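When we follow our numbering, the leftmost residue of the sequence shown carries the number 1397, and every step to the right adds one.
For glycine and all other residues, C-beta sits at the position ideal for the given N, C-alpha and C.
Model, not experiment: these values are computed from the prediction.
See structure below.
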Amino acid sequence: MPLPMQTIRLMTRRWRALAVLALGVAVLLAGLSGWRAIIAHGGAAPPLPAPAGYEAEDHFPGAALLYAAMPAIPDGERAAPAVGVTGTTALPAAPIPPAALAAALRAGGSNAAPFTMAAASAQDRGRALECLTAAIYYEAASESDAGQSAVAQVILNRARHPAFPATVCGVVYQGSEHAGCQFSFACDGALARVPSRSGWARAARHAAMALAGYVFTPVGLATHYHTYAVTPAWNRGMVMTDVVGAHLFHRWKGFWGTGAAFVQRYRGGEPLPGPHLRLSEPPLVPPPTLIAAAAAAPLPVAPGAAPPPQPVATPTPDLLPPASTVLDKWKDSGKPLS
1397 MPLPMQTIRL
1407 MTRRWRALAV
1417 LALGVAVLLA
1427 GLSGWRAIIA
1437 HGGAAPPLPA
1447 PAGYEAEDHF
1457 PGAALLYAAM
1467 PAIPDGERAA
1477 PAVGVTGTTA
1487 LPAAPIPPAA
1497 LAAALRAGGS
1507 NAAPFTMAAA
1517 SAQDRGRALE
1527 CLTAAIYYEA
1537 ASESDAGQSA
1547 VAQVILNRAR
1557 HPAFPATVCG
1567 VVYQGSEHAG
1577 CQFSFACDGA
1587 LARVPSRSGW
1597 ARAARHAAMA
1607 LAGYVFTPVG
1617 LATHYHTYAV
1627 TPAWNRGMVM
1637 TDVVGAHLFH
1647 RWKGFWGTGA
1657 AFVQRYRGGE
1667 PLPGPHLRLS
1677 EPPLVPPPTL
1687 IAAAAAAPLP
1697 VAPGAAPPPQ
1707 PVATPTPDLL
1717 PPASTVLDKW
1727 KDSGKPLS
């Protein structure tokens, strides 16, 4: 005989009540066990000390050891402390009177002007594109399109700021002559990694856009950046302009961070793409054999030009006796001439 529906519902409620009661008893027993353990160890656990000093700041594990191990570099230039961090340089006093400085600070200016290479040669354009592409690839290959454009904007902002070189390659490889690279990839061996074809093409596209005058306005007049993983010492004296991807972007305080400071014109004469020759290394001198061979080699002739006159060779004397004056018909007669 089947049970009525009302009886089934009543039994279901009772089973649910029993399950809830059992769960409550289990939780109570667990709490009592924990309390007994605390009492057995001498009372309540002491509170954790509040972080202070270095521990209260935002650092990544091992940051102190990293900064302590940084090599000494000349005054006025500091190397990038880690991957994804730009270096910085000391700034002189503002080169304008106090009244003009106050006016510049009031005017401010948050956006950079379009970068121009109108008067640059084809060689300069090619070298600038290669250097900017390398910086974007090795600094922000895994970033979004906005992240790559932001890194390109920082580099071109530096090229227009008097504190940095007036060429793109000069900015990208600044300091590599004494292991004080402003961009860490130029000194840490990253260039030995062969870039992927698609990643390099993507970086080159953003580099070409920036060199053609595209301005990534969110970062403004930023000349420095660092990743979330590190907290360089210079960021306390700067103003953060934006956060794009994994990078935090900063500009200088005061006059040097205003639009009035970005007056440096593109100089041209791009150096060869790549790290500079170390100052501690001796100059490259070819072996004497190559010097002699180069001196003896003929000069190259431009197309369509007449070849240079060649020197006339002077015959070397053979030091042999003079030729005979006896006629051929008398040479074999055996009779002396009278």
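- Residue 1404 sits exposed, since fewer than 16 C-beta atoms from the chains shown fall within 10 Å of its C-beta.
- By the C-beta density criterion, residue 1510 is exposed, having fewer than 16 other C-beta atoms within 10 angstroms.
- Take the alpha-carbon of residue 1602 and the one of residue 1491: they are about 34 Å apart.
- Residue 1485 sits close to residue 1559, with the two beta carbons spaced by under 9 Å.
- Here the alpha carbon of residue 1545 sits roughly 6 Å from the alpha carbon of residue 1612.
- Contact between residue 1599 and residue 1552 is absent: CB atoms are separated by about 14 Å, not below the 8 Å threshold.
- Residue pairing by DSSP puts residue 1621 in a beta bridge opposite 1645.
- Cβ-Cβ separation between residue 1565 and residue 1523: approximately 6 Å, consistent with a contact (criterion under 8 Å).
- In the three-state scheme derived from DSSP, where H, G and I count as helix and E and B as strand, residue 1403 is classed as helix.
- Counting of Cβ neighbours within 10 angstroms places residue 1425 among the exposed residues, the total staying below 16.
- Looking at the DSSP output, residue 1638 bridges to 1645.
- Only buried fits residue 1647, as 16 or more other CB atoms lie within 10 angstroms of its CB.
- In the DSSP annotation of this structure, the continuous segment of the alpha helix (DSSP H) that includes residue 1521 starts and ends at 1518–1536.
- Straight across, the Cα-Cα distance linking residue 1410 with residue 1417 is about 11 Å.
- Residue 1579 is bridged by DSSP to 1482.
- Annotation for residue 1481: 1622, 1626 and 1628 place their beta carbon closer than 6 Å to its own, counting only its chain and skipping 5 residues before and after.
- Cα atoms of residue 1652 and residue 1483: separation of roughly 16 Å, rounded to the nearest angstrom.
- Annotation: residue 1649 to residue 1617 spans about 11 Å, alpha carbon to alpha carbon.
- Under the criterion of beta carbons closer than 8 Å, residue 1657 and residue 1557 qualify as touching, at roughly 6 Å.
- Secondary structure at residue 1614: helix, using DSSP grouped into helix, strand and coil.
- Less than 9 Å separates the beta-carbon of residue 1619 from that of residue 1554.
- Between residue 1643 and residue 1571 a beta carbon distance of about 20 Å is seen, past the 8 Å cut, so the two are scored as non-contacting.
- Around the beta carbon of residue 1477, 16 or more other beta carbons lie within 10 angstroms, which makes this residue buried.
- Here residue 1408 is exposed. Its C-beta has fewer than 16 other C-beta atoms within 10 Å.
- Rounded to whole angstroms, residue 1582 and residue 1533 show a C-alpha spacing of 12 Å.
- Collapsing the DSSP output to three states places residue 1590 in coil.
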